[in-house]
Structures are given as C-alpha cells and as structure tokens.
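Chemist: Let me give you the structure first, and then I'll get to my questions.
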Amino acid sequence: MTAKLSANDLTLIRGESCLFQGLSFALNAGELLLLEGQNGSGKTSLMRAIAGMLSLESGEVLWNDVPVSQQRQEFHGSLVWLAHRTGLKGDLTLVENLRFEGALRPQSDVDPSEVFKRLGISKLKSLPLRSMSAGQQRRVALARMLLSDAPLWLVDEPFTNLDQEGRELVMRLTDEHLAAGGMCVMAAHQDVDINATVTRVSL
Amino acid sequence: MKPRQQRMLAVGLAVAGVAIAAALTLKAFDENMMFFVEVSNVVAGEYPQERNFRIGGLVVEDSIEREEGSLDMRFRVTDMRCELSVMYNGVLPDLFREGQGVVAHGAMGAGEVFIADKILAKHDENYMAPEVAASLAKHVDEKMAPLQEGGAECNSG
Amino acid sequence: MWKFFHQLASPPHFYRLAATLMPWLAVPALLLIAYGTYAGLFLASPDYQQGDAFRIIYVHVPSAYLSMMAYMFMAISGAIGLIWRLKLAHAVGAAAAPLGAAFTFLALVTGSIWGRPMWGTWWEWGDPRLTSELILLFLYFGYMALRSSIDDTAKADKACAVLALVGVVNVVVVHYSVEWWSSLHQGQTLMKKGGPGMDADMLYPLLAMILGFTFLFGALLARRIRTEVLYRERRTRWVREMILSPEGGR
Amino acid sequence: MAVPSPEQPRILVGLVAMVRRDLLLAWKRPGDVLNPLFFFAMVCTLFPLAVGPSAEQLTVSGPGVLWVAALLSTLLSLNSLFMSDHEDGSLDQLLVSPQPLPVLALSKTLAHWLTSGLPLVLISPLLAMTYRMSTDIVGVLMLTLLLGTVCLSLLGSIGAALTVGLHRGTALLSLLILPLAMPVLLLGANTVSLAAGGEPYATGIWALAGYAVAALSLAPYATAAALRISNE
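First to last, the sequence lines map onto chains A, B, C and D. At the far end of the first sequence sits residue 463, using my numbering, and the numbering has no gaps. At the far end of the second sequence sits residue 193, using my numbering, and the numbering has no gaps. At the far end of the third sequence sits residue 934, using my numbering, and the numbering has no gaps. At the far end of the fourth sequence sits residue 238, using my numbering, and the numbering has no gaps.
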C-alpha cells in the first residue's frame, strides 16, 4: 500500500469570508501539491485544515482513504509541518530543541550530524536559537523535518528568510524526499523547480 | 500501543480517577459525620474532650430560660432519649423555637452543660440536618421496641 | 420524525418555529404569573413561623430554580453543539446566558431581602447556597465575557461550550451544597420524600409561579433566539429575502 | 518510507520530554518562576500592614490570607502557561504531533505546577511563621496548599487554554477561573482555620484530595479541547 492524501469538496469559512469552496485534490507518493495564491488567499488556512487544526465547513481530508478525523494520531504521526513560525524555542539550544522534537514524533535513522552539516548549522549546535539569524533558525526547522520519519511534509512558505543558496537547498531536499517516495504539500509565492509530478491548486 | 488502545486506556483512567475522587468525597462525608456527637453519648460522657463538636436534636418544650438584660440563655436539647442543657450567648436565628430542630456547635463546660458558640436553626419543621434526623429516628425506634434489659437507658431524662 | 429534526437544524425553520412558539409560551406565562401573584399575595395564609415575609418565595424559588435550569440548558446546548456540530445549538446557548444571569441576580436579590427578617442579615457568607449562587452569577459573567472577547463566532461558540460544560461541575456543587455543608439554608421542601411539606393554599400559587416563570423563560428565550439567529445569518439569502418581502420578516 | 503507519511514539517519553522542556525553559528564565513567588510573599506582607499587627488577628486571618495570596499568585503565573508556545508556533507543533493532546496538556500543567505551585508550598511555612502559626498547623497548611495548588493549576490550564491568543487574556482568565476556584479556596482556607482552632479538619483534606483527583482525570481533556478551539 502506498500512501495517499486526498481531499474532496472542501469548504472553509473564516469569520465572514469564504476562503475556498468545493476544493478537491489527490496526492500520491512521490508527488508535490503546490498551493498558489496571493497573500490572504487562504493558503495557510488550507494547510492548517489539512493538518486538522481548522474545522471545515464541509468536505473531508482523507489519509489512505480514511477520514483524518477518524485517525488523527496516526495521521499526525505521518506528517511533519514547517510553518511560518518555526515553533522552536528561542531560549533553548539547537540540540535541546531537536531532542524535544525527537521525543514527540517518530524519527528516521539518519545521522543528525550529517543533516546539520548539510544545512550548514553544525557550528551552531550549542547556541540558543535566540542568538541565531532568522535564516539560521529556518535551517534548524528544516533539520527537524529531515530528522523525522514522516512521509508527508506540509511546508508553508519554506523560502522565507532564506538566501538563494538556502532556497536551492530546500528544493533539492524536497526533490530527494519525493524521489524516496515521500510527498509534500507546499505553499509558495514563487515558482519551484522540482523534478516530480506537481499538482497545482490556485486559491 | 495503538492509538485506539491508548484511547481505551485514557477513558479507563479518567473513569477510574472519577471513581477514586467519589470515594475520597464519601470519605470526607464520613469524617464530617464524626464531627457530630449524639446527645445520649454526650450524657454518657462519650465525647471529645480536647476539641469542639456538634450536637443536634429538638429543643425541649418550655425549656428556654433567658437572663433579663443580656443575651445569655439556656435551653435543653433532646434526641428523644436523653436531654442535655445548652448555654449560649449571642443572637439567635429567628427560626429558633421550642420543639424545633437545632444544631449547636461548641464544647462541654463544667457541670454537664454544653457551651455553644454557634447555633443553627432549621427552617422547615419537617426538615432536619441529616445527622439529627438519623439520631432521632434511631432512638424513636428503640423506644417503640420492647425495653431490653441493661439497655443504655438515660437517667437524666 | 427525522424530517422534523432536519427542519429544526435549519435556521429559517428554527426562526419561524421560535416565532410560532412565542405566543404559546407568553400567554400561559402571563396567566400563570398573574394568578400566582394574586394568590400568593392574597389567598395564601401567612406562614406560622415567618408571617408574611415568606411570600417572597413566590419570586425567589422560581428564579433560583431557573438560574440553574438556564445554566443546564446552556451546557446541554453547548454539548449538543460540540458533538453534533450544530450551530443553532450554540445560538440557543448564547441566547440563554443573559437570561440565566438575570434570573440568578433576581434570586440573589430576593434571597437577600428574605434573609434580613429570617436570618437577621442581608448577606450570610457562611451559607454555601448563597455563596454558590453568587459564584453561579460570576460563571454567567465569565461566559458572556468570553463570548464577547472572541471575534470569530464559530470559535466563540465552541470555547463557550467548553466553559459551560466545565462550569456544570460548579452548578452541581451549588445544588448539593445544602447537603454537603450543614447550612442555614433550608433543604428542599417541594421534592422531599413523602410529598411537599407545605399547605395547599401556599403550594398552588408557588407551583403556578414556577410554571409561569418557566414559560416566561421560554418566551424570552424564543425572542432572543430569533434575534441571535437573525444576526448570525445576516449575510444569507433567506434573511435578505425575508426582510425584503412585503411582510418584512414577521 | 512510502509505507505509512510509522511506529507510534511512546506516550511516557513524550510526557517526560514535555515536562523536561518546560522545566528547562523555566530554568533559563528564572524570573517567570520567581515573580509569582515574590508576589505571594508581598501580598502576605501587605495584610498585616493593612489590618494591623495584633497577634490574635493575624492568627485568625492567617490561613485565609495565605490561601487568597496563593490563589492570586497561581493566577498570575497561569497567564503564561500557553502564551509563549502560542506566540512562537510551538503550540501548532504540539497540535500536529502524534502524541495525544490531553497528555501534552497534562505534562505542561505538571511542569507549571512544579514551577509555581510546589515552590509556593515550600515557602509557605516561612510566611506562616510570621502569622504565628504553630508547627503542626503549618503542616496542615502545606498539605492543603499541596493539594489545592494541584487543583488550581489544573483548573487554570483550562482557562489559560480558552484565553490563549486573546488580547485581554489576563483579566478574562481571572474572570473565568476565580469562580471555578472558589470551592478550592473555601475548602483549603477553612481546613486550616479548623485545624488552628483545634477542631477536626480531616473532612477538608479528603474533599480537597477528591477534588484534585477529579480535576486530574478530567481537566486535561477540557484543556486539550480548549487548545484545539482557541488555536483554530
């Protein structure tokens, strides 16, 4: 059985406005779902709805053809989420932060120091995150994603605060993840350069 | 552990927790009842010496004596078997009447007199504090039953 | 039967149902309260202990009972709203809160007026029933404050439902506090074993008042639900069509 | 990797990690722990200044004052229970973690109690001495505070979860939590008063213990539900 994320007929209303209506998609292993749209068009909301944090007006998100609401924990065990706010503690060091994350969700068996080296943050290991630049913090958040065992990546604006080299790195990493049979939902302003099946959803 | 089993365990733990909490609350009620001493036991000398306690019963008809010009007063309380004199200094609740149920809080003073520092009267003639009602009912039943030899019959009544 | 429930869950039907129910609740409420007031003041004999002061129970008891009823109502509709994701249930809860608060306030005021001749004090801190009723009033305030500080209605609904359910524990404490702590407040007169401990000429006006207040609560609730539903559905087509129709939403 | 259903993480590991992280954060920002403690100590000092230093008055009002001060200081620290997690996005990460949310909520509450309730219990004898409480009464005070602060942390976590992300959070939190906390205050302060008056006080201890166990088994679910709702 290969993993599959699908959604049918999603409608989301926030306050007074209807962000999207009758939205459906299906995403198989090795594919990328690209959410496009302007600021405030509901990309982040859709992402949060997929992760199960927003309640939908109608429709359902399915993971392996089973509604997510019926298997929330299993689904959350299969995803990792990179949001606009990194969700890392500024007072803790890189290692302390990632150790906590490691206890929360299943971890892959890659060598952490390899990951740190690749992201260029090996020398920052014992620094509190507060003293790092925004771009460096972003890379720590990427490290969390790479260290987890989850097949589904939810990445919201992954290129924020990253330099050109960083952006290319994100695309390469995503490529590798998809090539290994993972899948990715990405919200992005800019176009991406990914060698995989890309499904686009415009909001 | 599968999430499903986790949920079962969680529900089980919550139910067990509520059950334990209920048991602890019942224990608290028990302890509260210990606070209460029956009039018969007080007359027989079985009451806590060191601390305050509560007694309860009916105010005996025509037993209220007031001192002119002060709030000092005396009355007798019965649990249908024994009677006990109670002394009190203070403002009484309006519902305090002869023949009514009353709960007094205080300690034993010299000369078989209960010195009350708090008097609670109950409004409804049908209503009594549960411990008073239980105590009365018990003694009424005993009176109805044929007298048993060597029973703890009260000698002050 | 199912059709009835489905219709109940649709705002326009609910709106119209509330309108239809209004007179059926308001008229009995008026009649019963009118009878209860007259009979309570003139027909009932004075209490052998409390004299005429006891007559305040004709307001005090119904409002105290409704203060808790409204809270349970709020909590149950909150639970329904959370479990079955029924937005109308939340609207009912929102409509009930200020009414409950008003009845709680009335119960406190009449109780304290009654306490003066009975216990010799306007306010008795030692009495758990009084204190708990005051806490109940604070719970209502908290509920309304929480609702007003969350802008998103759907979110406010759910948060308030959770709060109401947590507060139920407190209402239970209120209800049983008379038995839990030995208190000045009398126990239940109406519901106790062996029938009510009250004479008929005192009892019937009281029953009429309780029933009348309940109907009054229902009528006011129906009225408030109509406003609430209209406000929540203000952007929908049916509201616009109704307002623009010749009858103007009657 | 393509095959889903990865191994589920262990609950106990998550619980310990959560408590560890929050304690570590508290260690790095000692002010968050110390300020409510100083507040507690200061409120307790205010009363003798306002009411007068007569020994009898202090003995009578001592239990109540200490308990009210403890309640207020707990309230002060509750506000930050979920706030920083909400601000930096870690709350989102907790919500999408495969760990059961009630367990995470319980762990955070436990960490909160360890950094606010427990220190309060530990310094209470010091303040109780200034109120001329005898040693055995201080024992009762500490026992009631121990059980009571557990109740307050658990109840408070519900309120903190409901108000997380709201602008007027602090005042609203007090309005929501104080009515719920009143039975705890009543039981706690009265138990100490009874003990001080040489009367049997076991009722209050058992009732507080019952309240604490009930809160322990139900509050995490309410907190989890509230967190989901406020984070929508």
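In this text, a Cβ means the ideal position worked out from N, Cα and C, and glycines have one as well. Just so it is clear, the structure is predicted and the values come from calculations on it, not from any experiment.
1. Does any residue of chain D have a CB that is nearer than 9 Å to the CB of alanine 838(C)?
2. Is alanine 152(B) close to chain D, meaning its C-beta is less than 9 Å from at least one C-beta of that chain?
3. Closer than 8 Å by beta-carbon distance: list the chain C residues that pair up with glutamate 276(A), in chain order.
4. Is the CB-CB distance between leucine 153(D) and proline 69(D) below 9 Å?
5. Which of the three DSSP states is assigned to histidine 159(B) in this structure?
6. Taking only the alpha-carbon atoms, compute the straight-line gap between alanine 838(C) and alanine 343(A) and give it to the nearest angstrom.
7. At the 9 Å Cβ level, is glutamine 450(A) part of the contact set with chain E, yes or no?
8. For the region 79-97 of chain B, which residues have a beta carbon sitting closer than 8 Å to at least one beta carbon of chain A?
9. Contact criterion: CB-CB distance below 9 Å. Does aspartate 841(C) meet it with respect to chain A?
10. Would you be able to state if there are at least three C-beta pairs under 8 Å between the region 418-436 of chain A and the region 346-357 of chain A?
11. Exposed or buried, what is methionine 157(D) when buried is set at 16 or more other beta-carbons lying within 10 Å of its beta-carbon?
12. Taking only beta carbons into account, state which residues of the region 328-345 of chain A come closer than 7 Å to chain D, listed in chain order.
13. Taking the alpha helix (DSSP H) that lysine 303(A) falls in, what are its first and last residues?
14. How many angstroms separate the CA atom of alanine 903(C) from the CA atom of alanine 710(C)?
15. Which residues does DSSP pair with threonine 353(A) in a beta bridge?
16. Can you check whether the CB of valine 102(D) is closer than 9 Å to the CB of histidine 336(A)?
17. Hey, glycine 137(B) and leucine 94(B) are a contact pair by Cβ (cut 8 Å); roughly how many whole angstroms apart?
18. By Cβ distance, which residues of its chain are closer than 6 Å to leucine 389(A), with the 5 residues on each side in sequence left out?
19. Using the Cβ count rule (16 or more neighbours within 10 Å means buried), how would you classify proline 656(C)?
20. Give me, in chain order, the residues of the same chain whose beta-carbon lies closer than 6 Å to that of glutamate 320(A); leave out the 5 immediate sequence neighbours on both sides.
21. Where histidine 159(B) and proline 930(C) are concerned, what is the direct C-alpha to C-alpha distance, given to the nearest angstrom?
22. Express the C-alpha separation of valine 170(D) and glutamate 93(D) in angstroms, rounding to a whole number.
23. Strictly under 9 Å for the Cβ-Cβ distance: is aspartate 736(C) near chain A by that measure?
24. From the DSSP output, in three-state form, read off aspartate 736(C) for me.
25. Distance check for glycine 442(A) and isoleucine 927(C), CA to CA, integer angstroms please.
26. My assumption, with CB atoms under 8 Å, is that alanine 220(D) sits in contact with valine 54(B). Please give the rounded CB distance.
27. By DSSP, does serine 462(A) sit in helix, in strand, or in coil?
28. What are the start and end residues of each continuous alpha helix (DSSP H) run of 4 or more residues lying completely inside the region 315-377 of chain A, in chain order?
29. Along chain C, in chain order, which residues have C-beta atoms closer than 8 Å to that of serine 236(D)?
30. Is it true that the region 772-788 of chain C meets the region 740-751 of chain C, where meeting means three or more beta-carbon pairs spaced less than 8 Å apart?
31. Output, in chain order, the set of chain D residues within a Cβ distance shorter than 8 Å of leucine 60(B).
32. Relative to the C-alpha of valine 19(D), which residue among Gln450(A), Cys444(A), Ala363(A) is closest?
33. Could you tell me whether the Cβ atoms of glycine 290(A) and alanine 456(A) are closer together than 9 Å?
34. By Cβ distance below 8 Å, which residues in the same chain neighbour valine 743(C) in space, the five residues on each side in sequence not counted?
35. Three or more C-beta pairs closer than 8 Å, one from the region 33-46 of chain D and one from the region 359-376 of chain A: is that the case here?
36. List, in chain order, every chain A residue whose beta-carbon is nearer than 9 Å to that of aspartate 98(D).
Modeler: Walking through what the data contain:
1. yes
2. no
3. Arg919
4. no
5. Legend: pLDDT at histidine 159(B) = 49, less than 50; position of this residue unreliable, no value from coordinates given.
6. 24 Å
7. In the displayed structure, chain E is absent; the protein chains listed are A, B, C and D.
8. none
9. no
10. no
11. Here residue 157(D) is cysteine; the residue named in the question, methionine, does not match the sequence. Burial call: buried.
12. Gln333, Glu334, His336, Gly337, Ser338, Leu339, Trp341, Ala343, Arg345
13. 303-310
14. 5 Å
15. Pro388(A)
16. yes
17. 6 Å
18. Leu348, Gly350, Gln397
19. The displayed coordinates of chain C run from 685 to 934. Any statement about residue 656(C) would go beyond what the structure contains.
20. Pro327
21. Summary for histidine 159(B): the model assigns pLDDT 49, below 50, so the residue's position carries little reliability; its value from the coordinates is reported in the next sentence. If I take the Cα positions, the gap works out to 60 Å.
22. 10 Å
23. no
24. helix
25. 54 Å
26. 6 Å
27. strand
28. 332-337, 354-364
29. Lys839, Ala843
30. yes
31. Trp212, Ala213, Ala215, Gly216, Val219
32. Ala363(A)
33. yes
34. Leu790, Thr794, Met893
35. no
36. Arg308, Ala311, Met313, Trp341, Ala343, Arg345, Gly347
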